[in-house]
Amino acid sequence: MRFDRRQFVTAGASALVSGCSLTGAAVRPNFAQSAPLAPLNLSPADVVRVTVCTRPFRTAGPRLEAETINDKLIVHNYGHGGSGWSLSWGCAAEAAALALTDGAQRVAVVGAGVMGLTTALRLAESGVAVTIYAKEFPAETRSARATGVWSPSSRIGLAGSVESNFEGRWQGWARASYATHQHFVGAVGEPVEYLPQYALSSGLNSSRTPAEHDYLHLDGLVRNMVPPLSTLTANTHPFPVARARSWQSMTFNVASYMSRLTRDFLLRGGRMVRRDFPDRAAILALPETVIVNCTGYGAKSLWGDENLMPVRGQINWMAPQPRARYGLYYRNVFALSRRDGVIVQYLGPNNDWGLGDASETADREETSSALATLAPLFS
Ligand SMILES: Cc1cc2nc3c(=O)[nH]c(=O)nc-3n(C[C@H](O)[C@H](O)[C@H](O)COP(=O)(O)OP(=O)(O)OC[C@H]3O[C@@H](n4cnc5c(N)ncnc54)[C@H](O)[C@@H]3O)c2cc1C
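In this note's numbering, each residue carries its 1-based index in the sequence shown increased by 8.
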């Protein structure tokens, strides 16, 4: 089926005007239907970089707890799988409260990814002196290579491996985080914004296969706080597919979000020191008596955490396309037009994709195949 590119920018608008589907049934206009869509340019020649990173996945869920070693209070806040951005604020608040239980006036945070930044900011806001120590600064971290969507239970743990109170804790983190992310909507640089997303499929056969592992899928517990999903009728979207659903998704424009968090931390008197810790003993030798461990996948070697596993993810980047500002999911490939670039990512047939793979080398075949999968949507 060839596609009339003009339809891309007029389909949504005409549906809004007519307010009815091909069958004459009423169509509830929503933002996605009313917004004209420009096509995404996903030509392989336009890929400007390919990034790969490791999700810090723990079958038992994130490690968020305190322990005392020698005379030091260590607060762990790592292992958030594919949900670190989403859950950051809720976990940061809990980690900061644990760090302040003994009334410390100076706190060290090890790690400058999203968990380190948000935790350090919460601590600095409470008036204590905070120093972030990290071998990579924010833009260099794995957090900077994330997809940037609200995905609070992505690779967050396995059923049967988490503690019995996990769902309740997770729900607290998710709700607190979602509320705080909203404070950044409309801020300079749009660190957080809502964008339409489309889940597209050609027919009844799913491109998903069952995973070998029983991953927790908890999003349903907090669905009442996110915008609803609508099934679209044929003339209300421009995509040549049999089924389309749409919703407004919270999107993180990671580049501006990280620089905003860094700036806020420094403005509140925080310090950042570049330091590569070879082992746990080097961290324990820091002068601060309270240390928050936000080292992500680095915790595996630093703390000997055998529950921590890598889950590889690769993202293909193109220059920003401001006229086409939306995301779509089709045949296990996700594309998202963020303010800091268009990303295309192969997600695999199920959540086992990338599990156990710590390679951060780009796979060019994966890039070509992901782009080829989406090409028919815009041809
Ligand atoms: C491809 C991909 C897509 C993702 N998409 C999303 C998404 O859309 N939404 C979402 O919510 N989450 C997403 N995630 C998950 C999210 O990115 C992670 O959960 C999050 O980045 C983890 O943050 P962190 O701060 O714990 O770790 P990191 O970002 O890895 O930061 C760790 C910090 O610790 C420091 N460190 C580690 N070891 C040492 C050491 N020995 N010495 C000194 N410093 C050290 C590092 O230098 C760094 O500063 C995605 C992940 C991947 C891989």
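For every residue, glycine included, the Cβ atom is placed at its ideal position computed from N, Cα and C.
What does DSSP give as the partner residues of residue i in its beta bridges?
i    : result
W325 : R57 and I351
S345 : V350
N358 : Answer is none; N358 lacks a bridge partner.
V193 : V200
S257 : L203
T139 : A116 and R279
G180 : Answer by DSSP bridge pairing: none, since G180 is not bridged.
S387 : None; S387 has no bridge partner.
T62  : R320
G165 : Paired residue(s): none; G165 is not in a bridge.
S209 : R251
Y337 : A207 and F342
Y223 : L166
S238 : S254
V157 : T259
L382 : None, per the DSSP bridge assignment.
L363 : V319
State buried or exposed for residue i, treating a residue as buried only when at least 16 other CB atoms are found within 10 Å of its CB.
i    : result
G111 : exposed
V25  : Reliability fails at V25, whose pLDDT of 28 lies under 50, so the model's placement of it is uncertain and no value is given.
T303 : buried
P330 : exposed
T259 : buried
M233 : exposed
G211 : exposed
N85  : buried
R71  : buried
L237 : exposed
E373 : exposed
Q353 : buried
S161 : buried
V200 : buried
A293 : exposed
A378 : buried
P295 : exposed
L275 : exposed
I77  : exposed
D348 : buried
P286 : exposed
R216 : exposed
P64  : buried
V35  : Interpretation of V35 is limited by its pLDDT of 45, a score under 50 that renders its predicted location unreliable; the figure taken from the coordinates is listed afterwards. Its Cβ being crowded by 16 or more others within 10 Å, V35 is buried.
T155 : buried
Hey, would you say the C-beta of residue i is under 7 Å away from at least one heavy atom of ligand 1?
i    : result
M326 : no
L151 : For the sequence presented, residue 151 should be read as Ser rather than Leu. At least one heavy atom of ligand 1 is nearer than 7 Å to the Cβ of S151, so yes.
C99  : no
P295 : no
H88  : yes
E144 : yes
D227 : no
L274 : no
M123 : yes
W93  : yes
T155 : yes
P64  : yes
A120 : yes
L129 : no
I299 : no
S159 : yes
L363 : no
I323 : yes
G306 : yes
In whole angstroms, what separates the C-alpha of residue i from that of residue j?
i    : j    : result
S267 : A187 : 20 Å
V170 : C99  : 16 Å
T126 : V281 : 16 Å
F273 : L129 : 5 Å
P384 : V136 : 55 Å
S309 : E175 : 28 Å
D390 : G124 : The requested residue 390 does not occur in the structure, where the chain is confined to residues 9 to 387.
A290 : A252 : 53 Å
A380 : G362 : 20 Å
A182 : G277 : 28 Å
E220 : D360 : 7 Å
N243 : R163 : 36 Å
D227 : V56  : 33 Å
Q256 : G335 : 10 Å
F342 : L355 : 7 Å
N324 : L131 : 35 Å
S94  : A68  : 18 Å
A184 : V122 : 15 Å
Exercise. At which residue ranges does the region 263-310 contain complete beta strand (DSSP E) runs of 3 or more residues, listed in the order of the chain?
Worked result: 279-282 and 298-301
For this session: Entirely within the region 66-120 and at least 3 residues each: give me those beta strand (DSSP E) ranges in chain order.
Result: 71-77, 80-86 and 114-118
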